[in-house]
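A.B. asks:
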Amino acid sequence: MENRFKIMSLKININFKDTYTPIYIEEDLSGMSFNSPQKNGSSCELLAMINPYPGSELPGVYNIGFGPPDGKGRFIDYVDLKHTDSNKVFLTVLLFGITFLQRNPELTHGLDGSTDTRAALYHLMYKYNKTYLTEFFDAIGVDWYIRVFRNNTYDADSHGNFIARPRPEPFNYKRDRHDLYRYYMFRLK
Numbered sequence: 009m010e011n012r013f014k015i016m017s018l019k020i021n022i023n024f025k026d027t028y029t030p031i032y033i034e035e036d037l038s039g040m041s042f043n044s045p046q047k048n049g050s051s052c053e054l055l056a057m058i059n060p061y062p063g064s065e066l067p068g069v070y071n072i073g074f075g076p077p078d079g080k081g082r083f084i085d086y087v088d089l090k091h092t093d094s095n096k097v098f099l100t101v102l103l104f105g106i107t108f109l110q111r112n113p114e115l116t117h118g119l120d121g122s123t124d125t126r127a128a129l130y131h132l133m134y135k136y137n138k139t140y141l142t143e144f145f146d147a148i149g150v151d152w153y154i155r156v157f158r159n160n161t162y163d164a165d166s167h168g169n170f171i172a173r174p175r176p177e178p179f180n181y182k183r184d185r186h187d188l189y190r191y192y193m194f195r196l197k
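Next comes the structure, spelled out in structure tokens:
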């Protein structure tokens, strides 16, 4: 089954049979790399990594991200690449994440909508591929909130900085792309 949508010029087709072959995969599935052909005829190595969500607010959640290697064992995620097939890149990373979850079914994956464009991409992928994705996954959206006490003071640390806390909820398919979640998660059913 294939589902399609467009965000700007990016079209996502959920078809896990159309992915790039990995160059390598870490034994514990914490990292993998593959080459992505670019529109200018070159090829760019991409590194996908799976790491525990930073902080203790979302236990059992592992963030998945990707980008060109930075030479220090991590990747650069704020780079504008011109992939010949962005769909195939995204699905290669997503399939890698699914493989990780199959080996670790008690865990949950998170996708950080670090920019509005990325958050809209994840949001629309969930919405327009609902039928396909809900067969295999529980989709979760995460908003952040600052607690207000009854005396109208706010939850703050010892320096007076407000403390934002995550509020996971089942993904609301009625929310449109102008009401984005801050973080997107999925886990195997």
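Here our numbering runs 8 ahead of the position in the sequence shown, where the first position is 1.
Cβ atoms here follow ideal geometry from the backbone N, Cα and C, with glycine treated the same way.
Can you tell which of 189, 99, 55 and 32 has the C-alpha that lies nearest to the C-alpha of residue 79?
C.D. replies: 55
A.B. asks: Let me know if residue 127 comes out buried or exposed under the rule of 16 or more other beta-carbons within 10 Å of its beta-carbon.
C.D. replies: By the neighbour-count rule (16 or more Cβ atoms within 10 Å), residue 127 is buried.
A.B. asks: What do you get for residue 116, buried or exposed, if any count of 16 or more other CB atoms within 10 angstroms of its CB means buried?
C.D. replies: buried
A.B. asks: Taking the alpha carbon of residue 60 as the point to measure from, which residue in 70, 52 and 51 has its own alpha carbon closest?
C.D. replies: 70
A.B. asks: Taking the alpha carbon of residue 82 as the reference point, which residue from 96, 41, 177 and 165 has its own alpha carbon closest?
C.D. replies: 41
A.B. asks: Taking the alpha helix (DSSP H) that residue 106 belongs to, which residues open and close that run?
C.D. replies: Looking at the DSSP string, the run of the alpha helix (DSSP H) that includes residue 106 is 94-111.
A.B. asks: Of the choices 184, 95, 67 and 186, whose alpha-carbon is the least far from that of residue 193?
C.D. replies: 67
A.B. asks: Less than 6 Å between C-beta atoms, sequence neighbours within five positions excluded: which residues of the same chain meet that for residue 130?
C.D. replies: 119, 121 and 192
A.B. asks: Where does residue 116 sit, in a helix, a strand or coil, going by DSSP?
C.D. replies: The answer is strand: DSSP assigns residue 116 an E or B state.
A.B. asks: Can you have a look at residue 144 and say buried or exposed, based on whether 16 or more other CB atoms are within 10 angstroms of its CB?
C.D. replies: exposed
A.B. asks: With DSSP run on the structure shown, which of helix, strand or coil describes residue 181?
C.D. replies: Collapsing the DSSP output to three states places residue 181 in coil.
A.B. asks: For residue 88, which residues from the same chain have a beta carbon less than 7 Å from its beta carbon, with the 5 sequence-adjacent residues on both sides left out?
C.D. replies: none
A.B. asks: Using only CA atoms, which one of 165, 156 and 196 lies nearest to residue 146?
C.D. replies: 196
A.B. asks: Are residue 57 and residue 38 touching if we call contact CB-CB under 8 Å?
C.D. replies: It is a contact, given that the beta carbons lie within the stated cut-off.
A.B. asks: Quick one: give me the first and last residue of the beta strand (DSSP E) that residue 56 is part of.
C.D. replies: First-last of the beta strand (DSSP E) with residue 56: 51-60.
A.B. asks: Quick check on this structure: which residue in 99, 133, 62 and 170 has the alpha carbon closest to the alpha carbon of residue 148?
C.D. replies: 133
A.B. asks: What three-state label does DSSP hand residue 165 in the structure shown?
C.D. replies: coil
A.B. asks: Rounded to a whole number of angstroms, what is the C-alpha to C-alpha distance between residue 49 and residue 97?
C.D. replies: 16 Å
A.B. asks: May I ask which residues mark the beginning and end of the beta strand (DSSP E) holding residue 195?
C.D. replies: 191-196
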